[in-house]
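Student: Here the protein sequences line up with chains A and B, keeping their order. Numbering follows full-length UniProt numbering, in which position 141 of the first sequence is assigned residue number 141; successive positions increment by one, without gaps. Numbering follows full-length UniProt numbering, in which position 25 of the second sequence is assigned residue number 25; successive positions increment by one, without gaps.
Protein chains: 2
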Amino acid sequence: MMQHIPLQDLYNKDNRYRAKLINSLSGFKSANVIGTCDNIGNTNLAIFSSVVHLGASPALVGFIMRPDTVPRDTLNNILLTKHYTINQVSSTFWQQAHQTSARYPPNHSEFSETDLSVSFIDGHQAPFVEQSLVKYAVVLKEIIPIASNNTQFVIGEITDILCQQSAIKADGYLDLESLNTVCVSSLDSYHITQHLGRLSYAKPETPLTPLTIDGERGTTQ
Amino acid sequence: MMQHIPLQDLYNKDNRYRAKLINSLSGFKSANVIGTCDNIGNTNLAIFSSVVHLGASPALVGFIMRPDTVPRDTLNNILLTKHYTINQVSSTFWQQAHQTSARYPPNHSEFSETDLSVSFIDGHQAPFVEQSLVKYAVVLKEIIPIASNNTQFVIGEITDILCQQSAIKADGYLDLESLNTVCVSSLDSYHITQHLGRLSYAKPETPLTPLTIDGERGTTQ
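If you want it as C-alpha cells, here you go:
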C-alpha cells in the first residue's frame, strides 16, 4: 500500500528519523572516499555519498560539502592545496570507508586509523587509497555556495585516472560491478550490484536493443 | 593491473568513448524520472542520473540540468509551474524509464510513448509515475548556474512523499532494495542491488556494529 506523507508530518518526528527517510529519497548514492593533505603532508580521508558526474568535456565532478559536519578537514585541505583524489569504495573495504566518517582529531590520519594504504602519483599532492580500483586526481575548479541550506557544491576537474585495466571495456564503459564498487542508501546502508543490462541510445519509435557488457548489440550476458 | 590514464590521452579518443569512461567515474548513480507539465497540462517525463540529496531540514534535493541535451522540456516546465515530481526507477520499468531519454517532439508525452501511467495528488501540478514505489512532490527553490561547463544545478524542496508502506522501517530507513530500485553506471547500464549491511554511527576508537535492516544493533540479516 502506498503511504502519503506530507512533509510537515515529518517535522514532528525526531531528527534522525527524518534524516534517514529524506536521505533515502534520492535513490542509491555513489560511495567514494576523498583523499586530501595539508601543506606539510598530513593526510586526510573522508567518505562522501554525494559525488556526482558533471560533464565529460571538460571532465568535471562535483560533491556537496556540509560545513557543519564531520569532514571539515577535507574542505580546508582542498582550499590549501587545490588537490584531492576521489576513490571508489568497493566491498573489500566498505567498513573501513564508513569508519572514516568518525570525528578523528585533525592530526590523526584516517588512513592509518582505518588501515587503508596511501599512494601517490607524480605531479599531484593528494593521497590515493591503494585499495581502491577506480580513483582519480582532481584539481579544484570552483566552489559554489548553496543559499538554500548553506551547503557548498565543490567542483573539480579530473586530471588523471587510475583504474583496474580489466574493467575498461572497448567502448569506454567501466565495468564497476566486476570491481565490486558499492553504493549507499540512506545514511548507513551499503550495497553491491547485480547487472540488469546495458541499453542502446533511445530514439523515438525505435525499440531499445540490449547491449553486451562490451557495448555490442546483442543479448545481455 | 592498474592503468594510469592522463586525461589528455582521453581527448585523443572519440567523444563517446570519453563520455562513457568519464560517466563511469563517479560510481553508481541514482536512477530517477522527473515528471513535469506545462501550463495547459501537457505532461513530460525524463530520466536523470544526477539527482542528489542536499539536506534533510529543510528537505532539499538537487539535479544537474544540461541545457543543450534532451530533456529541455523538463526545465521549461519547472520554470513555468515551479512544480515537479521525482520518481525512483525500479526493475519493473527500467527500460521504459531509459526510453524517456529519446528526443520526442514537445507535444508528445513520454508517459504515453512509454506506457507509464500518470497520477496526481491534490495541491501539486506535476504528474507522478504510478508505477514508481518511492516518489515525491518538489517545489523549485533555486537554480544555480555552474560556470565551469554551463550546466545548471536545480534545487527543490520536497513537500509530499509517496512511498510503499512496507519499505518504511521503524527508524526512518527506506528499504529501497525491497522495492527493486535500480541504479545506473556510465550512460546506459542498469543494476539492482544486494545488501551488504547497515553500520552503526562511526566513532573514533570504537568498532562499528552491524545493524539489522530495522536499524537495531545485531547481525545483518
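Glycine included, every Cβ here is placed at the ideal spot set by N, Cα and C. In this text the structure is predicted, and so the values were computed from the model without any measurement.
What does the Cβ neighbour count give for Thr206/B, buried or exposed, with the cut at 16 atoms within 10 Å?
Tutor: Classification for Thr206/B: exposed.
Student: So the candidates are Tyr104/B, Val118/B, Ser57/B and Ile213/B; which of them puts its Cα closest to the Cα of Ile86/B?
Tutor: For the residues Tyr104/B, Val118/B, Ser57/B and Ile213/B, the minimum Cα distance to Ile86/B belongs to Val118/B.
Student: Note the first and the last residue of the continuous beta strand (DSSP E) segment covering Lys141/A.
Tutor: For Lys141/A, the enclosing beta strand (DSSP E) begins and ends at Val134 to Ile146.
Student: Label Lys29/A either buried or exposed according to how many other C-beta atoms from any shown protein chain fall within 10 Å of its C-beta, with 16 as the threshold for buried.
Tutor: buried
Student: Expressed to the nearest angstrom, what Euclidean distance is found between the alpha-carbon atoms of Val89/B and Gly27/A?
Tutor: 9 Å
Student: For Asn15/B, verify whether its CB is less than 7 Å away from any heavy atom of the ligand FMN.
Tutor: The ligand content of the structure shown is nil, which means the ligand FMN is not present either.
Student: Give the residues of chain B in contact with Ile168/A, contact being defined as C-beta atoms less than 8 Å apart.
Tutor: Gln3 and Leu21
Student: Kindly list the residues whose CB is nearer than 6 Å to the CB of Pro106/B, restricted to its own chain and excluding five residues on each side of it in sequence; keep chain order.
Tutor: Asp73
Student: Counting only Cβ pairs nearer than 9 Å, list the residues of chain A close to Glu142/B.
Tutor: Ile146, Ala147 and Ser148
Student: Over the uninterrupted alpha helix (DSSP H) stretch that includes Glu110/A, give me the two end residues.
Tutor: Glu110 to Glu113
Student: Using a Cβ-Cβ cut-off of 6 Å (strictly less than) and excluding sequence neighbours within five positions of Asp214/B, which residues of its own chain qualify?
Tutor: Lys169 and Ala170
Student: By alpha-carbon positions, which one of Asn180/A, Pro204/A and Ser185/A ends up nearest to Thr193/A?
Tutor: Asn180/A
Student: Can you tell me which of Ala167/B, Asn76/B and Gln99/B puts its alpha carbon nearest to the alpha carbon of Ser24/A?
Tutor: Of the residues Ala167/B, Asn76/B and Gln99/B, the one whose Cα lies closest to the Cα of Ser24/A is Ala167/B.
Student: Which residues does DSSP list as the beta-bridge partners of Leu187/A?
Tutor: According to DSSP, which records beta bridges pairwise, Leu187/A is partnered with nothing at all.
Student: For Gln221/B, which three-state DSSP category applies?
Tutor: A caution first: Gln221/B carries a pLDDT of 43, below 50, which makes its placement in the model unreliable, though a value can still be read off. Of the three classes helix, strand and coil, the one that applies to Gln221/B here is coil, per DSSP.
Student: Considering only C-alpha positions, which residue in the set Cys37/B, Asn12/B and Lys82/B is nearest to Pro127/B?
Tutor: Cys37/B
Student: Near Ile47/A, what residues of its chain come up, given a Cβ to Cβ distance below 6 Å and the 5 sequence neighbours on each side ignored?
Tutor: The residues are Val33, Ala97, Thr100 and Ser101.
Student: Run through DSSP, which three-state label would Lys13/B get?
Tutor: coil
Student: Report buried or exposed for Ala147/B, applying the criterion of at least 16 other Cβ atoms within 10 angstroms of its Cβ.
Tutor: That one is exposed.
Student: Could you give the residue range of the alpha helix (DSSP H) that holds Thr96/B?
Tutor: In the sequence as displayed, the identity of residue 96/B is Gln instead of Thr. Note, Gln96/B: alpha helix (DSSP H), Trp94 to Gln99.
Student: Spell out whether any CB of chain B is found under 8 Å from the CB atom of Gln88/A.
Tutor: yes
Student: So Gly160/A and Ala137/A are in contact, right, with Cβ under 8 Å, and what is the actual spacing, rounded?
Tutor: According to the sequence displayed, residue 160/A carries Asp and not Gly. With 8 Å as the limit, Asp160/A and Ala137/A qualify as a contact, their Cβ atoms being about 4 Å apart.
Student: Taking the straight line between their C-alpha atoms, what separation do you get for Leu7/A and Val61/B?
Tutor: 14 Å
Student: I'd like to know if Ile34/A contacts chain B, where contact means its C-beta is closer than 8 Å to some C-beta of that chain.
Tutor: no
Student: Does DSSP classify residue 222/B as helix, strand or coil?
Tutor: The requested residue 222/B does not occur in the structure, where chain B is confined to residues 1 to 221.
Student: Can you list, in chain order, the residues of its chain with a C-beta nearer than 8 Å to that of Val184/A? Leave out the 5 residues immediately preceding and following it.
Tutor: Answer for Val184/A: Phe28, Lys29, Ser30, Ala31, Ser49, Tyr190 and His191, listed in chain order.
Student: Which residues of the segment 97-109 of chain B have a Cβ closer than 7 Å to any Cβ of chain A? Give them in chain order.
Tutor: So the list reads His98, Gln99, Ser101, Ala102, Arg103 and Tyr104, given in the order they occur along the chain.
Student: Using DSSP's beta-bridge definition, name the partner residues of Asp160/B.
Tutor: Pro6/A and Ala137/B
Student: Return the first residue and the last residue of the beta strand (DSSP E) that Asn44/A is part of.
Tutor: Thr43 to Phe48
Student: Quick one: using the 10 Å Cβ neighbour count with 16 as the cut-off for buried, is Arg18/B buried or exposed?
Tutor: buried
Student: In its own chain, which residues sit with a C-beta less than 7 Å from the C-beta of Glu157/A, not counting the 5 before and 5 after it?
Tutor: Pro58, Ala59, Leu60, Val138, Val139 and Lys141
Student: Does Arg198/A come out as helix, strand or coil in the three-state DSSP assignment?
Tutor: Strand.
Student: If contact means a Cβ-Cβ distance below 7 Å, which residues of the segment 178-203 of chain B contact chain A?
Tutor: Thr181, Val182, Cys183, Ser185, Ser186, Asp188, Ser189, Tyr190, His191, Ile192, Thr193, Gln194, His195, Leu196, Gly197, Arg198, Leu199, Ala202 and Lys203
Student: With a 10 Å radius around its C-beta and 16 neighbouring C-beta atoms as the bar for buried, classify His53/B as buried or exposed.
Tutor: Buried, since its Cβ has 16 or more Cβ neighbours within 10 Å.
Student: With a threshold of 8 Å between beta-carbons, can Ser24/A be considered close to chain B, or not?
Tutor: yes
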